[in-house]
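**Q** Protein chains in written order, with our numbering: chain A, 1 to 768; chain B, 1 to 768.
There are 2 protein chains.
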Amino acid sequence: MNHNYIKPDHWSIIEEGFDASRVKSSESLMSIGNGAMGQRANFEEHYSGDTFQGSYVAGVYYPDKTRVGWWKNGYPEYFAKVLNAPNWIGINVAVNGEQLDLAKCIAIENFRRELNMKEGWLSRSFTATLQNSVKVKVDTKRFLSLDIDALGAIEYKVTPLSNDCQIDFSPYLDNAITNEDSNWDDKFWDVLSINHDNEQAFIVSKTMKTDFYVCTSMQTQVSLNGAILNQDKTVNDSINQIAFTYNSKVSQGDTIVITKYGGYISDRNHDRNDLISVAKSTLEKASELGFDGLLEKQKQAWAKIWDMADITINGDVAAQQGIRFNIFHLNQTYLGTDHRLNIGPKGFTGEKYGGSTYWDTEAYCIQFYMATKDQNVAKSLLEYRYNHLDKAIENAEKLGFSNGAALYPMVTMNGEECHNEWEITFEEIHRNGAISFAIFNYYRYTGDYSYIPEKGLEVLIGIARFWQQRANFSASKQAHVILGVTGPNEYENNVNNNWYTNYIAKWCIDYALENISIVAREYGSDYTRIMNKVNLSKAEMQDWKTVADTMYFPYSEDENVYLQQDGFLDKALITVGDLPQSERPINQKWSWDRILRSPYIKQADILQGFYFFEDHFSTEELERHFDFYEPFTVHESSLSPCVHSIQAAKLNRMKQAYDFYLRTSRLDLDDYNHEVEEGLHITSMAGTWMSIVEGFGGMRLVDGTLSFEPKIPEQWESYSFKVNFRNQIIKVNACKTNTHFELEGQHDLDILVNGNTVTISPNNLVTV
Amino acid sequence: MNHNYIKPDHWSIIEEGFDASRVKSSESLMSIGNGAMGQRANFEEHYSGDTFQGSYVAGVYYPDKTRVGWWKNGYPEYFAKVLNAPNWIGINVAVNGEQLDLAKCIAIENFRRELNMKEGWLSRSFTATLQNSVKVKVDTKRFLSLDIDALGAIEYKVTPLSNDCQIDFSPYLDNAITNEDSNWDDKFWDVLSINHDNEQAFIVSKTMKTDFYVCTSMQTQVSLNGAILNQDKTVNDSINQIAFTYNSKVSQGDTIVITKYGGYISDRNHDRNDLISVAKSTLEKASELGFDGLLEKQKQAWAKIWDMADITINGDVAAQQGIRFNIFHLNQTYLGTDHRLNIGPKGFTGEKYGGSTYWDTEAYCIQFYMATKDQNVAKSLLEYRYNHLDKAIENAEKLGFSNGAALYPMVTMNGEECHNEWEITFEEIHRNGAISFAIFNYYRYTGDYSYIPEKGLEVLIGIARFWQQRANFSASKQAHVILGVTGPNEYENNVNNNWYTNYIAKWCIDYALENISIVAREYGSDYTRIMNKVNLSKAEMQDWKTVADTMYFPYSEDENVYLQQDGFLDKALITVGDLPQSERPINQKWSWDRILRSPYIKQADILQGFYFFEDHFSTEELERHFDFYEPFTVHESSLSPCVHSIQAAKLNRMKQAYDFYLRTSRLDLDDYNHEVEEGLHITSMAGTWMSIVEGFGGMRLVDGTLSFEPKIPEQWESYSFKVNFRNQIIKVNACKTNTHFELEGQHDLDILVNGNTVTISPNNLVTV
């Protein structure tokens with residue numbers, strides 16, 4: 001971990017000095033995206049060193065044929081992969097005929113990269129001495145426009161330093177791309193046409209099997225010392241590629257610039273026959289605005305996002321940089337403007353895991369989007385699951401369930417299950433619970449009940465049905481048990497009575513029954529419509545209730561704690577602290593059986609339940625379980641430290657809370673898990689946000705009232721955040737001694753601060 | 001199941017009438033082998049229908065790159081596959097220029113195939129009307145010689161029935177073969193040379209990665225009405241193939257015959273430089289003997305095998321055919337003449353499962369070979385594992401064990417683990433127990449203790465070390481537990497305290513300690529040698545003893561039975577009888593999670609322990625456990641019915657014992673498991689033998705004395721078998737009313753019959 005090469009900075013991710021071994025890490029860290037597309041921070045010019053080329057279009061995927069060792073009934077036929085899309089950023093550069101390639105230069109000086117999170121752009125500058133001894137200075141800037149989300153822009157400047165020389169720019173589009181994580185090295189794209197028109201070029205290609213049509217396009221312009229050059233170019237095209245080449249004589253000290261606009265137009269948003277014409281007009285619009293004009297709009301758009309979503313931390317630049325890095329990447333990944341999209345675990349920064357939607361969305365991400373965007377964004381995430389309900393019912397049917405029982409997939413792109421490990425795909429069923437919980441959480445936070453009669457109740461019913469069918473009565477325990485599951489702690493597989501799973505299963509049934517009553521009482525026509533659709537009898541509801549009322553929860557009288565699962569106390573209970581560092585991380589050092597029979601916990605499991613249902617337990621109970629389980633927790637999931645940070649703060653363990661905060665916020669920046677080259681951990685970034693707002697800020701909902709219990713790590717002077725609560729914005733600014741509250745809204749709001757009611761009024765600072 | 005197309009016959013497997021849908025099943029059932037090589041019963045002439053071509057050379061394998069969905073630390077890099085070898089049997093036939101292809105004929109009449117088990121040959125005859133309306137009669141016979149085990153012979157006769165015509169024979173060798181079960185469609189063979197010399201042809205090729213050099217060869221001769229034709233031939237060779245073509249005019253009613261000798265010479269047995277010359281002399285020897293001469297020797301060799309191994313059953317042809325089918329295939333697969341070989345689960349009849357050695361050898365096969373061959377054959381199987389001890393120690397080290405702990409692989413070809421499912425590879429560790437048990441069993445049966453000080457003790461020590469390290473102390477249970485295992489019942493994965501595993505683990509430790517004492521006391525120099533090698537301290541042995549003495553065994557007071565594993569009684573305990581037939585077999589109908597949480601047992605698990613350690617328990621205990629567990633057993637492993645048949649016989653449940661006997665003996669003939677097309681279940685065939693000898697015959701060892709408790713199913717008039725016991729042969733002939741015993745040997749032998757001592761003398765029939 002901790003490459004420690006990213007410079008501390010409040011607003012930017014900065015790398016200084018070229019190090020080939022860091023290229024893939026920086027490509028991940030400095031990825032850019034605009035919700036509709038994204039790309040790793042690959043160099044524009046050719047690079048022969050070790051690199052992971054990646055550019056992705058939201059929602060364009062490929063059903064890669066499943067690869068397994070031993071087939072099990074019920075496995076999906078394919079794994080929907082986030083698809084590496086044609087490269088539009090490429091600009092090859094030759095200096096006096098020699099290709100510029102940072103892997104082959106004699107010297108590279110003053111190399112600097114910056115991902116400017118405040119304004120949403122990526123820059124790079126360096127001085128390179130090529131093997132032909134010519135020395136040039138290069139400055140590039142690139143961004144993906146928030147304003148025109150099918151578009152990106154690049155400005156690429158070259159200044160000869162040592163002598164006059166010929167600079168050849170070859171901007172290109174390339175469809176000869178593959179996925180790093182392809183299962184069978186299959187081809188994913190078919191090129192349909194390659195065209196060019198003046199300074200524009202277009203490749204129309206379609207994905208195999210899924211038939212997404214995408215037009216990848218570019219428009220280029222070369223200028224010298226600020227004056228546009230209207231020079232001739234050569235055009236080269238092959239079956240997968242089209243390139244323009246501009247040859248220019250450039251005097252020593254003069255600067256030649258190529259501006260390139262490019263991006264993707266797909267049939268997800270446009271008619272297939274219009275792709276080139278839409279691409280054309282998009283490029284023309286970009287060209288009219290110009291690079292600087294587009295960049296100005298980019299700054300404005302990011303300023304608007306930051307105005308709502310920013311968290312400031314004074315006195316701790318590492319912590320400040322960390323939280324902004326997290327908030328920035330979340331907003332690059334998902335903006336809530338397209339209800340067909342979701343929040344992939346690696347966003348647009350890599351390919352690992354595939355799919356776009358995990359339980360991470362409901363368990364970690366919704367709260368962030370709910371508080372930093374309009375509440376319709378959260379609602380759109382809920383509707384995404386509603387739209388997949390039929391597929392979830394089919395998924396459950398494949399596993400032998402019936403009568404409308406729904407099992408949401410572990411990983412999906414379109415509602416169908418993609419994952420193919422039996423212990424996860426078939427057994428990590430707690431994911432269903434998070435989907436019901438998110439419906440509850442949305443209502444709890446927004447107060448908007450309407451979603452439940454409209455759509456949510458059907459989801460709650462499908463999930464309740466699943467749990468009732470999945471539990472069985474144990475004659476031996478005289479209770480309902482849930483056998484053969486994998487809990488949130490994936491370092492246990494096929495266990496019986498995972499407490500978290502049993503707890504959320506019972507809760508899901510109870511919550512469904514409660515809402516059936518409410519809807520029956522208060523939304524009669526919805527109730528009639530839904531009941532006609534789902535065919536739910538009183539007898540069936542009674543069966544649900546029996547399961548919920550007689551659910552078994554493993555408990556140890558001796559330890560006075562709930563047990564993570566049956567048999568947990570049979571393990572050799574050696575704490576993580578007593579585990580030699582040389583054995584860590586265990587997921588890289590140990591065989592799977594050894595991990596499974598160990599007591600080590602990958603991520604919060606019982607504590608995840610205490611997080612969701614904190615108000616069901618006393619603080620003393622939380623403390624007892626935290627003290628029992630955290631010492632066995634290796635936090636080898638990105639989703640672990642955030643929950644622990646929140647709970648440590650709740651327990652007034654500020655040092656521990658702060659350590660967990662740094663670990664979650666700088667997980668990728670400091671590469672705790674030795675894997676940042678593969679991409680970033682996007683979904684856990686929402687957990688980082690929670691660890692400040694819910695952890696240090698202590699934000700909760702108490703009977704519909706927003707409540708805060710602000711605390712501050714001793715390393716910090718102050719911190720501030722904003723939340724959108726029921727269409728008013730509350731700004732919280734916590735200092736060492738007190739906390740200021742401000743309201744941007746129309747009407748007074750009662751909140752709780754450390755348990756006391758405080759009324760805040762629009763534009764009136766309240767200090768507590 | 002039960003295609004029911006194999007004719008009942010005492011000595012042969014006969015199919016009448018051509019049915020394309022049965023081709024692959026018959027290819028499996030009528031496979032031929034001679035211990036050194038084997039092949040599926042593919043047609044010699046081209047067949048364009050659905051077929052599974054397979055020919056295999058014992059010990060020639062390929063390390064096929066492992067294919068997994070999600071990699072786990074500790075997985076092997078490759079899976080050693082039984083390798084499909086070049087085809088030497090092919091003889092294409094053209095009739096007036098039209099290819100003979102049973103998939104394309106206008107009519108096929110009088111189709112008949114016979115696998116003659118008594119004499120060890122395969123024949124086929126039919127009358128075909130080709131699309132050109134020519135009608136020919138074809139008669140073929142083929143065998144793999146037991147006498148010259150690198151050699152096979154084919155006689156292929158064609159008689160034109162409708163008119164005179166031209167018959168073209170194109171015998172060929174073909175190296176363009178692939179494995180059906182290849183993971184990545186890799187190429188497995190490199191052709192090195194293709195030669196021919198007069199009527200002989202040779203392809204020398206080598207396996208990739210493993211570098212086995214194999215010369216595949218043929219020699220052909222054509223004769224008409226018994227007179228050899230010395231006609232010209234054409235020779236065609238390509239990069240993978242060489243073919244001769246003989247064109248002959250044949251008058252209506254005349255018979256043209258091609259005789260083809262062929263087979264494999266490999267560098268496993270010969271110098272690489274001599275392969276062609278050895279092949280040449282082998283073919284010449286065959287040619288001198290001629291087809292009939294070779295066949296005569298084949299009959300003699302099989303007569304010798306049958307003289308010792310045959311089991312007769314009077315009054316029940318299906319049962320008789322079944323047992324001979326099992327004994328025949330066991331002898332085709334493994335003859336004990338090459339200590340580097342073992343008994344693959346599919347022998348030479350298919351490719352599924354790969355590897356050559358499973359715990360089946362020790363748990364099921366050794367007893368058969370020990371009783372029907374010289375005891376050195378069983379010893380050779382033990383030595384096979386001794387020779388792999390270092391690899392077993394390496395295998396354990398990969399999983400985190402140390403200090404010489406040995407974990408034998410689940411599947412292997414050369415001692416290295418090949419299998420790649422964590423729940424099997426890492427967790428089905430009970431296999432280690434069977435390897436110790438076989439050492440005990442060998443000594444118990446043969447009385448030959450010398451193997452233990454010579455070699456066996458080192459294996460016992462490595463295995464005891466493994467169990468001691470693998471168990472852990474449960475503070476909660478105040479006992480040693482073994483967590484995270486898969487027992488013999490593979491329909492449970494990653495369970496805690498599988499009774500069978502815990503029981504055999506404790507037994508392995510106790511047995512190792514017992515033998516360390518014996519060797520220390522009685523084999524001083526061996527003791528010193530071994531202790532110097534393994535570095536075993538008194539303290540370590542004390543640690544072993546502590547684990548063995550405090551091993552935990554799950555038990556239910558309520559049910560008065562040992563529990564298959566912790567938590568078994570939490571399941572929905574619905575018996576197999578109450579499971580709809582439409583849900584069976586569950587391994588084809590249910591998703592894996594559903595199987596795992598069900599109570600259904602794939603094969604004997606606790607009952608396997610009761611089988612191994614029958615004398616540790618009372619008959620009443622056996623009965624109670626049989627009555628509890630058998631009703632949950634689906635017998636979806638080929639290894640299940642035999643153990644149940646033995647135990648049902650022990651419990652005097654003859655109807656049940658008989659049903660299980662038919663199921664084990666006719667498993668493949670009647671295709672109970674819908675998979676005979678993939679190949680036969682070779683190792684369970686030894687279980688079939690046990691179900692007669694140990695089941696109905698009631699053969700046991702009681703304090704070193706051979707004991708029988710003969711019983712007879714009501715369907716049978718009598719049955720007989722022979723066993724080699726300590727170099728004398730006892731023949732048992734059981735009738736409805738009494739049992740005859742005969743001794744072929746030198747000195748009187750006391751045996752027990754139904755608990756009473758009976759002395760049998762050489763060549764003196766005793767009736768009890």
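Just so you know, even glycine gets a beta-carbon here, dropped at the ideal spot from N, CA and C.
1. Does the stretch 500-516 of chain B come into contact with the stretch 415-434 of chain B, if we say contact requires no fewer than three beta-carbon pairs (one atom in each stretch) closer than 8 Å?
2. Applying the 10 Å Cβ sphere with the 16-neighbour rule, what's the burial state of residue 834/A?
3. Using a Cβ-Cβ cut-off of less than 8 Å, give me the residues of the stretch 61-92 of chain A that come near chain B, in sequence order.
4. Look up residue 547/B in the DSSP assignment and say whether it is helix, strand or coil.
5. Just checking: is the beta-carbon of residue 481/B within a distance shorter than 8 Å of some beta-carbon in chain A?
6. What does DSSP give as the partner residue(s) for residue 515/A in the beta ladder?
7. Just confirm the distance between the C-beta atoms of residue 51/A and residue 23/A, as a whole number of angstroms; I'd bet it's less than 8 Å.
8. Work out the CA separation of residue 100/B and residue 163/B for me, nearest whole Å.
9. For residue 426/B, decide whether its Cβ has a neighbour in chain A, counting only Cβ atoms nearer than 8 Å.
10. Which value, in whole angstroms, describes the spacing of the CA atoms of residue 7/A and residue 16/A?
11. Under 8 Å, do residue 697/B and residue 734/B count as touching if we go by C-beta distance?
12. At a CB-CB cut-off below 8 Å, which residues of chain A make contact with residue 399/B?
13. Specify, as a first and last residue, the run of the beta strand (DSSP E) that residue 38/A falls within.
14. Among the candidates 640/B, 450/B, 133/B and 446/B, whose CA atom is the shortest distance from the CA of residue 601/B?
15. Consider the Cβ of residue 769/B: report whether some Cβ of chain A lies at a distance smaller than 8 Å.
16. List the endpoints of the continuous alpha helix (DSSP H) containing residue 685/A.
17. Between which two residues does the alpha helix (DSSP H) harbouring residue 400/B extend?
18. If we cut at 8 Å on Cβ distances, does residue 405/A have a partner in chain C?
19. Would you mind telling me which residues of chain B sit closer than 9 Å to residue 422/A, beta carbon to beta carbon, in chain order?
20. Does residue 345/B come out as helix, strand or coil in the three-state DSSP assignment?
21. Return the residue from the list 119/B, 217/B, 463/B and 116/B that minimises the CA-CA distance to residue 275/B.
22. Can you give the Cα-Cα distance for residue 557/A and residue 569/A, rounded to whole angstroms?
23. In this structure, what does DSSP give as the bridge partners for residue 221/A?
24. Can you tell me whether residue 594/B is buried or exposed, with buried defined as 16 or more other CB within 10 angstroms of its CB?
25. Is the shortest distance between the beta-carbon of residue 607/A and the beta-carbons of chain B less than 8 Å?
26. Work out the CA separation of residue 691/B and residue 313/B for me, nearest whole Å.
27. Let's see if you can read the secondary structure: which residues bound the beta strand (DSSP E) around residue 112/B?
28. With respect to the alpha helix (DSSP H) encompassing residue 642/B, which residues constitute its N-terminal and C-terminal limits?
29. Per DSSP, what are the beta-bridge partners of residue 725/A in this structure?
30. Would you mind sorting residue 317/A into buried or exposed? The rule is 16 or more other CB atoms within 10 Å of its CB.
31. Given a cut-off of 8 Å, decide if residue 26/A and residue 113/A are closer than it, judged by their beta-carbon atoms.
32. Compare the C-beta of residue 502/B against all C-beta atoms of chain A and say whether one is closer than 8 Å.
33. Does any C-beta atom of chain B lie closer than 8 Å to the C-beta of residue 391/A?
34. Assign residue 156/A to one of three DSSP states: helix, strand, or coil.
35. Give the residues of chain A in contact with residue 570/B, contact being defined as C-beta atoms less than 7 Å apart.
**A** Taking the geometry as given:
1. With the cut-off at 8 Å, the stretch 500-516 of chain B and the stretch 415-434 of chain B touch.
2. Examination of residue 834/A is not possible in this model, given that chain A is present from 1 through 768 alone.
3. Residues passing the 8 Å Cβ filter: 66, 67, 68, 69, 70, 72, 73 and 74.
4. Walking along the second sequence from the start, residue 547/B turns up at place 547. Residue state, collapsed to three classes: helix.
5. Start at 1 with the first residue of the second sequence, and residue 481/B comes out as number 481. Interface residue, yes.
6. Start at 1 with the first residue of the first sequence, and residue 515/A comes out as number 515. Residue 515/A pairs with nothing; no bridge assigned.
7. Here residue 51/A refers to the residue found at position 51 when the first sequence is read from its first residue. Here residue 23/A refers to the residue found at position 23 when the first sequence is read from its first residue. The Cβ separation is near 6 Å, so the contact holds.
8. Translated into the one-based positions of the second sequence, residue 163/B becomes position 163. Translated into the one-based positions of the second sequence, residue 100/B becomes position 100. The straight-line gap from Cα to Cα measures roughly 16 Å.
9. Residue numbering aside, residue 426/B sits at position 426 when the second sequence is read from its first letter. Chain A, which has a Cβ nearer than 8 Å to the Cβ of residue 426/B, makes this yes.
10. Taking the first residue of the first sequence as 1, we reach residue 7/A at position 7. Taking the first residue of the first sequence as 1, we reach residue 16/A at position 16. Taking the straight line joining both Cα atoms gives about 8 Å.
11. The residue you call residue 697/B lines up with position 697 of the second sequence. The residue you call residue 734/B lines up with position 734 of the second sequence. For the 8 Å CB-CB criterion, residue 697/B and residue 734/B form a contact.
12. For the purposes of this step, residue 399/B is taken as the residue at position 399 of the second sequence. Here the neighbours are 591, 593 and 594.
13. Within the first sequence, the letter at position 38 stands for residue 38/A. First-last of the beta strand (DSSP E) with residue 38/A: 37-39.
14. Taking the second sequence and counting its residues from 1, one reaches residue 601/B at position 601. Closest in alpha carbon position to residue 601/B, among 640/B, 450/B, 133/B and 446/B, is 640/B.
15. Residue coverage of chain B in this structure runs from 1 to 768, which leaves residue 769/B outside it and unanswerable.
16. By one-based count along the first sequence, residue 685/A stands at place 685. Following the DSSP letters along the chain, one finds residue 685/A inside the alpha helix (DSSP H) bounded by residues 682-690.
17. The residue you call residue 400/B lines up with position 400 of the second sequence. Taken as a continuous stretch (DSSP letters only), residue 400/B belongs to no alpha helix (DSSP H), as it is neither H nor E.
18. The chain labelled as chain C is not found among the protein chains of the depicted structure, namely A and B.
19. The residue given as residue 422/A occupies position 422 in the first sequence. Here the neighbours are 423, 493, 591, 592, 593 and 596.
20. Along the second sequence, one-based indexing puts residue 345/B at 345. Note: residue 345/B maps to coil in three-state DSSP.
21. Translated into positions along the second sequence, residue 275/B becomes position 275. The shortest C-alpha separation from residue 275/B is found at 217/B.
22. Residue 557/A sits at position 557 when you count from the first residue of the first sequence. Residue 569/A sits at position 569 when you count from the first residue of the first sequence. Between residue 557/A and residue 569/A, the C-alpha separation is close to 12 Å.
23. Walking along the first sequence from the start, residue 221/A turns up at place 221. The partner list for residue 221/A (beta bridge, DSSP) reads 259/A.
24. Counted from its first residue, the second sequence places residue 594/B at position 594. Buried.
25. Locating residue 607/A in the first sequence gives position 607, where the first residue counts as 1. No, because no Cβ of chain B sits closer than 8 Å to the Cβ of residue 607/A.
26. As a position in the second sequence, residue 313/B is number 313, starting the count at 1. As a position in the second sequence, residue 691/B is number 691, starting the count at 1. Taking the straight line from one Cα to the other gives about 13 Å.
27. Within the second sequence, numbered from 1, the residue matching residue 112/B stands at position 112. Where residue 112/B is concerned, the enclosing beta strand (DSSP E) stretches over 107-116.
28. As a position in the second sequence, residue 642/B is number 642, starting the count at 1. That run of the alpha helix (DSSP H) goes 640-650.
29. Here residue 725/A refers to the residue found at position 725 of the first sequence. The partner list for residue 725/A (beta bridge, DSSP) reads 728/A.
30. Position 317 of the first sequence, counted from the start, is the residue given in the question as residue 317/A. By the C-beta density criterion, residue 317/A is exposed, having fewer than 16 other C-beta atoms within 10 angstroms.
31. For the purposes of this step, residue 113/A is taken as residue 113 along the first sequence, with counting starting at 1. For the purposes of this step, residue 26/A is taken as residue 26 along the first sequence, with counting starting at 1. A contact, by the Cβ cut-off of 8 Å.
32. As a working mapping, residue 502/B is identified with position 502 in the second sequence. No, no contact with chain A.
33. Residue mapping note: residue 391/A aligns to position 391 of the first sequence, counting from 1. For residue 391/A, not one C-beta of chain B is nearer than 8 Å to its own C-beta.
34. Counting from 1 along the first sequence, the entry for residue 156/A is found at position 156. DSSP places residue 156/A in strand when its eight states are reduced to three.
35. Along the second sequence, read from residue 1 onward, the residue named residue 570/B stands at position 570. 474, 476, 477, 481, 483 and 496, listed in chain order.
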